[in-house]
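Step one of this worksheet: look at the structure below.
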Amino acid sequence: MMKRAVMFPFLFAAFFSSMSLFAQHDWRSGIQWEEPKMVTPGAEYGQPPSDAIILFDGKNMDAWSHDNWEVKDGVATVKGGDVRTKQKFGSVQLHLEFATPEKVEGSSQGRGNSGLFLMDHYEVQILDSYDNQTYFDGQCAGIYKQRPPYVNACRKPGEWQSYDVFFTKPELKIVNGKVVDVIRPAYVSVVQNGVLVVNNYAIEGDTTYHIPPAYTAHGEKESIRLQDHGNPIKFRNIWVREIPDSNAKPPRGKEFYADDRTVDNLRKEVEKLKAALEKAQKESPEKAVDEKAVDEETAETVETP
Ligand code: MG
């Protein structure tokens with residue numbers, strides 16, 4: 019009996035000191051992350067950072083499928099059809115600036131209409147929505163016929179406006195040219211003139227005029243498209259950055275502590291001590307400890323700093 023009575027304090031001390039190892043040491047996930055590359059930000063907000071792909075810097079439309087659009091004084095104006103980027107993209111950060119015509123003509127969808135199509139399929143509407151009623155999920159900065167912007171952050175006709183768009187491409191299972199499963203929808207966030215107007219919206223499929231949204235087959239990367247809807251919308255300062263899938267992780271090694279003890283070993287140590295404690299309790303029930311108190315103390319000990 020003496021031996022057991024001596025053993026309890028020893029086991030408790032060992033148990034808690036072992037648990038405290040978890041709290042006191044620097045845990046690392048073991049994921050083999052690559053070091054983030056250095057990027058030089060633009061000198062001012064809206065200017066392209068050093069890793070941006072420039073789609074229009076005011077000089078020409080060389081990055082686009084055709085050059086019908088008029089380029090003058092650093093500005094490209096819609097003319098003669100939609101334009102698509104020659105380079106194709108999946109998930110991106112995109113910046114562009116646009117201005118709807120100063121001379122207001124037409125109404126609803128007929129006033130200052132263009133559009134930014136991500137992957138050639140998913141339209142962030144561009145429209146003169148300043149004092150111009152239309153269906154809400156068709157107004158400027160909305161995801162066309164799916165999601166209106168939270169607020170109307172439009173500037174007046176003729177004034178320059180900006181979009182900063184964050185887009186994650188969808189994961190589609192395609193068999194024989196048809197989408198048989200949407201493994202993960204596309205997601206989009208839109209900041210208009212510095213105002214967050216759509217946040218992480220799960221796109222429901224193609225943004226078409228005449229049928230409900232549904233995903234249709236496309237590649238892992240597709241062109242970015244700007245729409246010609248018959249109105250002379252102006253564009254400037256268009257750039258894009260390819261971004262990785264936030265949820266894609268490199269292989270995971272063993273978790274570890276910075277002093278080289280593995281998490282597995284520490285866990286085993288704790289389990290061993292727990293088992294020894296339980297055994298001792300069974301052999302000497304009159305000395306049984308208050309397990310609730312142990313759990314509470316343990317929870318406090320392992321709390322993340
Ligand atoms: Mg449009």
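The numbering of the sequence shown is my numbering, which starts it at 19 and goes up by one. Glycine included, C-beta positions come from ideal geometry on N, C-alpha and C.
Pick out whichever of the options has its Cα sitting closest to the Cα of residue i.
{"i": "G124", "options": "Y233, G92, H247", "result": "H247"}
{"i": "I161", "options": "G271, V216, I256", "result": "V216"}
{"i": "D224", "options": "Y181, P203, N218", "result": "P203"}
{"i": "I251", "options": "L134, L295, S207", "result": "L134"}
{"i": "S83", "options": "S47, D199, Q245", "result": "Q245"}
{"i": "F185", "options": "A293, F107, Q299, L284", "result": "F107"}
{"i": "A232", "options": "P54, L291, G92, L190", "result": "L190"}
{"i": "E169", "options": "N78, W178, S147, M79", "result": "Residue identity differs from the one stated: residue 169 is Val in this sequence, not Glu. Here the closest residue by C-alpha is S147."}
{"i": "V89", "options": "G64, E52, K77", "result": "K77"}
{"i": "T95", "options": "K300, A294, R285, R254", "result": "R254"}
{"i": "G98", "options": "S132, E296, H43", "result": "S132"}
{"i": "G64", "options": "W87, N194, W257, Q127", "result": "W257"}
{"i": "Q127", "options": "N150, H139, L114", "result": "N150"}
{"i": "E177", "options": "P188, Y140, V122", "result": "V122"}
{"i": "D75", "options": "Q105, D100, L114", "result": "L114"}
{"i": "G259", "options": "P66, E53, D44, Y140", "result": "One point to set straight first is that residue 259 is Arg, not Gly, in the sequence displayed. Of the listed residues, the one whose Cα sits closest to R259 is P66."}
Can you have a look at residue i and say buried or exposed, based on whether 16 or more other CB atoms are within 10 angstroms of its CB?
{"i": "D263", "result": "exposed"}
{"i": "M56", "result": "exposed"}
{"i": "P230", "result": "exposed"}
{"i": "Y227", "result": "exposed"}
{"i": "V320", "result": "Any reading at V320 is ruled out, since the residue's pLDDT is 42, under 50, leaving its predicted position unreliable."}
{"i": "G237", "result": "exposed"}
{"i": "D154", "result": "Before going further, note that residue 154 is Phe rather than Asp in the sequence given. Looking at its Cβ environment, which holds fewer than 16 other Cβ atoms inside 10 Å, F154 is exposed."}
{"i": "A61", "result": "exposed"}
{"i": "G92", "result": "exposed"}
{"i": "W51", "result": "exposed"}
{"i": "T16", "result": "This structure does not reach residue 16, given that the chain is present from 19 up to 323, and the question cannot be answered."}
{"i": "V198", "result": "exposed"}
{"i": "R129", "result": "buried"}
{"i": "V193", "result": "exposed"}
{"i": "K187", "result": "buried"}
{"i": "P54", "result": "exposed"}
{"i": "A317", "result": "With a pLDDT of 45 at A317, under the threshold of 50, the modelled position of that residue is not reliable, and the figure given next carries that caveat. When all chains shown are included, A317 counts as exposed."}
{"i": "P166", "result": "buried"}
{"i": "N218", "result": "exposed"}
{"i": "N249", "result": "buried"}
Got a sec, what are the start and stop residues for the alpha helix (DSSP H) residue i sits in?
{"i": "Q245", "result": "Looking at the DSSP string, Q245 is not in any alpha helix (DSSP H), and its letter there is neither H nor E."}
{"i": "Q299", "result": "281-301"}
Indicate whether residue i and residue j have their beta-carbon atoms separated by less than 8 Å.
{"i": "T345", "j": "A70", "result": "Lying outside 19 to 323, the shown extent of the chain, residue 345 is not represented and no answer is given."}
{"i": "E222", "j": "Q164", "result": "yes"}
{"i": "I242", "j": "L145", "result": "no"}
{"i": "V206", "j": "Y181", "result": "no"}
{"i": "I49", "j": "K267", "result": "yes"}
{"i": "E273", "j": "V281", "result": "yes"}
{"i": "S68", "j": "I261", "result": "no"}
{"i": "V183", "j": "L112", "result": "yes"}
{"i": "K196", "j": "A235", "result": "yes"}
{"i": "Y275", "j": "D85", "result": "no"}
In terms of residue numbering, what span does the beta strand (DSSP E) encompassing residue i cover?
{"i": "K272", "result": "Careful: K272 lies outside any beta strand (DSSP E) and carries neither H nor E."}
{"i": "F107", "result": "F107 -> no beta strand (DSSP E), and no H or E assigned at all."}
{"i": "Q338", "result": "Residue 338 cannot be examined here, being either before or after the span of the chain that is shown, 19 to 323."}
{"i": "T180", "result": "In the sequence on display, residue 180 carries Ser and not Thr. Per DSSP, S180 belongs to the beta strand (DSSP E) from 179-186."}
{"i": "G202", "result": "What sits at residue 202 in the sequence shown is Arg, not Gly. Where R202 is concerned, the enclosing beta strand (DSSP E) stretches over 196-202."}
{"i": "T95", "result": "93-95"}
{"i": "I72", "result": "71-74"}
{"i": "S207", "result": "205-210"}
{"i": "N218", "result": "213-220"}
{"i": "A133", "result": "First, the amino acid is wrong: residue 133 is Gly here, not Ala. Element bounds for G133: 132-136."}
{"i": "K121", "result": "Element bounds for K121: n/a, residue is neither H nor E."}
{"i": "F154", "result": "From DSSP, F154 is part of no beta strand (DSSP E); its letter is neither H nor E."}
{"i": "E62", "result": "E62 -> no beta strand (DSSP E), and no H or E assigned at all."}
{"i": "I192", "result": "189-193"}
{"i": "I256", "result": "252-260"}
{"i": "V89", "result": "88-90"}
Original post:
Is the segment 168-181 close to the segment 202-217, with three or more CB pairs under 8 Å?
Top reply: yes
**OP:** Taking 8 Å as the threshold, find out whether the segment 147-160 comes into contact with the segment 116-130 through three or more Cβ pairs.
**Re:** In this structure the segment 147-160 touches the segment 116-130; the number of beta carbon pairs closer than 8 Å is three or more.
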